[in-house]
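All letters in the sequence shown, in the order written, are residues 2 to 171 by our numbering. Glycine included, each C-beta is placed from N, C-alpha and C at the ideal position.
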Amino acid sequence: MKLSLLPYAAVAALSGLVQAAPSPGRLSVPLREDRAAAVAENRTEADDGVAFLLNKRGNKCGHSSFEDRGSEASPYASDCEMLAHNIASGGDWTVTHGVHRTLAQYGTCAFGAEGGGPWYTWVGNEDIRDLIRDSINKFKRPDGKVGSRGWMKCSGNSGGGRILWGIYHT
2 MKLSLLPYAA VAALSGLVQA APSPGRLSVP LREDRAAAVA ENRTEADDGV
52 AFLLNKRGNK CGHSSFEDRG SEASPYASDC EMLAHNIASG GDWTVTHGVH
102 RTLAQYGTCA FGAEGGGPWY TWVGNEDIRD LIRDSINKFK RPDGKVGSRG
152 WMKCSGNSGG GRILWGIYHT
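(1) Three-state secondary structure (DSSP) at residue 136?
(2) Whole angstroms are fine: how far does the CA of residue 167 sit from the CA of residue 82?
(3) Assuming residue 127 contacts residue 63 under a Cβ cut-off of 8 Å, what Cβ separation, rounded to an integer in Å, is found between them?
(4) I'd like to know if the stretch 139-147 and the stretch 113-121 are in contact, where contact means that at least 3 CB-CB pairs between them fall below 8 Å.
(5) Taking C-alpha atoms, which residue in 135, 141, 129, 134 lies nearest to residue 72?
(6) Which residues in the same chain as residue 170 place their Cβ atom closer than 8 Å to its Cβ, once the five residues preceding and following it in sequence are excluded?
(7) Quick one: what's residue 65 bridged to in DSSP?
(8) Could you spell out where the alpha helix (DSSP H) holding residue 86 opens and where it closes?
(9) Rounding to the nearest angstrom, what Cα-Cα distance links residue 157 and residue 120 in this structure?
In structure tokens, the structure reads:
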């Protein structure tokens, strides 16, 4: 019985070409109209072949209202600045309807939120950092303390919902 090696040689040659083909590496994504940057997920050859997912980096919420809640019992603005620095590398938090939850804290400063419905909403690290920065810029007291709260709409299930957030003493 004589075997032809031609089909095997063709398969071996083609697999070598596929392995040697250049990989696109990072996917470049143009900015959307609202100028929010999107980041493509890194994928390797070992991945399951699912299409690239686009995520808006760390921003899950829109504009917020602000209310000055500062008093002698408020946290130090310097602790709130350190809290914002500590979460700079990323993170998302889930906030459920009607349940207050402390999302991050450092020293005397805590950031918490409560969902206003429908089920749950997401808050990103950049949302928290923006709220802390803006609160300090608007409401920092002469004694170096700050306290604030407000409402904002965030993404989540069923189109997302409003959350009540606050910066308060631990």
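This is what the structure holds:
(1) Helix at residue 136.
(2) Between the alpha carbons of residue 82 and residue 167 lies a gap of roughly 15 Å.
(3) The C-beta separation of residue 127 from residue 63 comes to about 12 Å, leaving the pair out of contact by the 8 Å criterion.
(4) Here the stretch 139-147 makes no contact with the stretch 113-121; the two share fewer than three CB pairs at distances below 8 Å.
(5) Closest by alpha carbon: 141.
(6) For residue 170, where only same-chain residues beyond five positions count, the Cβ hits under 8 Å are 74, 75, 76, 109, 110, 111, 148.
(7) Answer by DSSP bridge pairing, in chain order: 153.
(8) Where residue 86 is concerned, the enclosing alpha helix (DSSP H) stretches over 78-87.
(9) Pairing residue 157 with residue 120, the inter-Cα distance amounts to about 8 Å.
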